[in-house]
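A quick write-up on the structure given underneath.
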Amino acid sequence: RYSLFYNRLKNIEESEDGLDKFSKSYKTFGVNQFVDGGIYCKEWAPGAEAVFLAGDFNGWNPFSHPYKKMEYGKWELFIPPGQDGYPPVAHGSKLKVVIRAQNGELLYRISPWARYVVRDEDKVNYDWVHWSPPQSYIHKHPSPKRLKSLRIYESHVGIASPEGKVASYKNFTYNVLPRIKDLGYNCVQLMAIMEHAYYASFGYQVTSFFAASSRYGTPDDLKEMIDVAHSMGITVLLDVVHSHASKNSEDGLNKFDGTDSCFFHSGPKGTHQLWDSRLFDYANWEVLRFLLSNLRMWIEDYRFDGFRFDGVTSMLYHHHGIGTGFSGDYSEYFGLQVDEDALCYLMLANHMIKFLHPECITIAEDVSGMPALCRPVAEGGGGFDYRLAMAIPDKWIQIIKELKDEDWNMGNIVHTLTNRRYEEKYIAYAESHDQALVGDKTLAFRLMDAEMYTNMSVLSPLTPVIDRGIQLHKMIRLITHALGGESYLNFMGNEFGHPEWLDFPRKGNNESYHYARRQFNLTEDHLLRYRFLNAFDRDMNKLEERFGWLASPPGFVSEKHESNKVIAFERAGLIFIFNFHPYQSYVDYRVVIWHSSLIVVSKYKILLDSDAAEYGGHQRLDHSTEYFSEEYPHNYRPNSLMV
């Protein structure tokens, strides 16, 4: 794998004046305005017989501005400035690339490199709009320094409002970012930014890879949003989709030059069976240029601080993970079923990002457990910084769905939270957007279900269902945060147990926005119990910020007691003790202290208590109590204390 990567990189370095110029092609491809006012246009359309540029600037004459055919399927066009010195293509005017296909048909296409596309209310398809304002947004604040502990708030701009509408970048900037900061998250991961024609695809059916979604505002609005996040010390990651592309041809990449290949594999190999989308040909030189340039554009133009790569499992294997389980056996990761071209692209992407922008962070969404995916490229690894611990949310769902409280297996919980490859960093999460979508249930809804509609008010009795749900919601998140990885992720709204599910407007729900919103207002009502969960999530993050357990070595688990239903572990100098027993509390319970020897007696105090009144608990513990360690052997360790 490293040899394949090295040879590809060497070819780029030798034939394209280096990786720097190769990955900077976003400045030359598409339609770009020169300083002198001239317009330079460049496209890759290997299957085209001829290429033209049409638009408002030439009265939509499809033949007046032909491109010149270059080698390797490239086409170029230069339009000089007008006699008055002004650009021939005005900012905000509409354009189309006109392709004469091999069968003679004229195809009106949006450039794959288009920076801004919009859809009029009375139209189905998007239009390409030339974006070249006289004065673009100027970033005022530097990116935050690379974080040691990542506490990620997974977000979607469009649903980030209690109102039933598509929310804006401006709304996120001024209403949501302060909330994220207050909750103690230091990183926001933005979904559905790359333009996607179908809103209900959650942004995973991308049509224009270089365009920030116009349904939330302008490119400058997004730049301002990222700049304000940086001013708050918040790192901003983009959920990037390079695993597949929408099948749209009128306003997408599909059949751009009239053939079924171009950016994709031809035939069945170029179509994903389950997603009904197109699959990139990662061995193609121009596809590598397109994708690498896409990453660089998001970093350098918008100032994103890194990426969460979606659908990595689909990329890594020819079977795309369809109907395939992974046991961890190495034969599953090294064989003809692995798409080495796709893996090589990911290595190139990570190498380029780290070479040009070493402060950037990359995350892999991989469910297969590919070894070394998060080790440096120089070691033959994939080069990612983190991978998502996707087994953890599945485990919590399985436990809550299938087991009675008294049947919860402490050893199995600990195994799931600690089962990760040595020296590969994992992002732990109890739930993400996947669990919030219609057809699934969030943890809060699984735990409390219909009673969330009637019994979340403090004026109503605290029923056993609500009490159990609130307490387990806090405990599950804290043990996942503290034991499950080297970073933590939460999907917006889930921190306070957002009721119901997430469903975008579509024909099946009469185009309703009722479930495509986040009711942040629920946490501001002091008569509702959602504020307890919100406060606990905030203080949990603030405690991690203070002690940095995510950046510390993995926790030392000293107890996983099946009959007592107790889990105890130590990490970053803190002792975490969880009692998952449905009805049994304990007095004078002895737990281990990791230190191998004691020079002086250590004193401990409670820092975070899920049973505290401000978190909707029963306040059964006295926080003024001091706990002292002693040389008393317990669980094969020489020192312990009583709690």
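Under our numbering, think of the first position of the sequence shown as -12, with each following residue one higher.
Beta carbons are placed, not taken as given, at the ideal position from N, Cα and C, and that holds for glycine.
Based on DSSP bridge pairs, tell me the residues matched to residue i.
i           : result
residue 176 : 141, 224
residue 92  : Note: residue 92 sits in no beta bridge, so no partner.
residue 477 : 140
residue 64  : 28
residue 562 : 557
residue 546 : 555
residue 232 : 265
residue 259 : 264
residue 37  : 87
residue 105 : 114
residue 330 : Answer is none; residue 330 lacks a bridge partner.
residue 489 : 424
Where do the N-terminal and C-terminal ends of the alpha helix (DSSP H) with residue i fall, by residue?
i           : result
residue 517 : 517 to 534
residue 218 : 206 to 218
residue 461 : 451 to 470
residue 405 : 397 to 405
residue 323 : Note, residue 323: premise wrong, no alpha helix (DSSP H); not H, not E.
residue 277 : 272 to 287
residue 389 : 378 to 389
residue 166 : 164 to 169
If you count every other CB in all the chains shown that lies within 10 Å of the CB of residue i, and 16 or more means buried, which is it?
i           : result
residue 588 : exposed
residue 569 : exposed
residue 111 : exposed
residue 365 : exposed
residue 480 : buried
residue 59  : exposed
residue 615 : exposed
residue 321 : exposed
residue 574 : exposed
residue 497 : exposed
residue 342 : exposed
residue 176 : buried
residue 99  : buried
residue 386 : buried
residue -2  : exposed
residue 600 : exposed
residue 125 : exposed
residue 226 : buried
residue 531 : buried
Let me know the secondary structure DSSP gives residue i once reduced to three states.
i           : result
residue 358 : coil
residue 585 : Bear in mind that the predicted position of residue 585 carries a pLDDT of just 48, short of 50, making it unreliable; the figure below should be weighed with that in mind. Coil at residue 585, not helix or strand.
residue 249 : coil
residue 648 : Lying before the first or after the last residue shown, residue 648 is absent from the chain, which here runs from -12 to 630.
residue 373 : strand
residue 241 : coil
residue 53  : strand
residue 293 : strand
residue 304 : strand
residue 638 : Missing from the structure shown is residue 638; the chain here goes from -12 to 630 and no further.
residue 392 : helix
residue 43  : helix
residue 408 : coil
residue 631 : Past the boundaries of the shown model lies residue 631; the chain is included only from -12 to 630, so the question cannot be answered.
residue 514 : coil
residue 182 : strand
residue 134 : coil
residue 313 : coil
residue 508 : helix
Need the endpoints of the beta strand (DSSP E) that residue i sits in, please.
i           : result
residue 414 : 412 to 415
residue 18  : 17 to 20
residue 420 : Careful: residue 420 lies outside any beta strand (DSSP E), inside the alpha helix (DSSP H) at 420 to 423.
residue 629 : 626 to 629
residue 2   : It is not in any beta strand (DSSP E) - residue 2 instead sits in the alpha helix (DSSP H) that spans -11 to 2.
residue 84  : 81 to 87
residue 350 : 348 to 351
residue 115 : 114 to 116
residue 198 : 195 to 199
Cβ of residue i within 7 Å of any heavy atom in the ligand PLP?
i           : result
residue 121 : The model on display carries no ligand, and the ligand PLP is accordingly not part of it.
Entirely within the segment 577 to 624 and at least 3 residues each: give me those beta strand (DSSP E) ranges in chain order. 577 to 580
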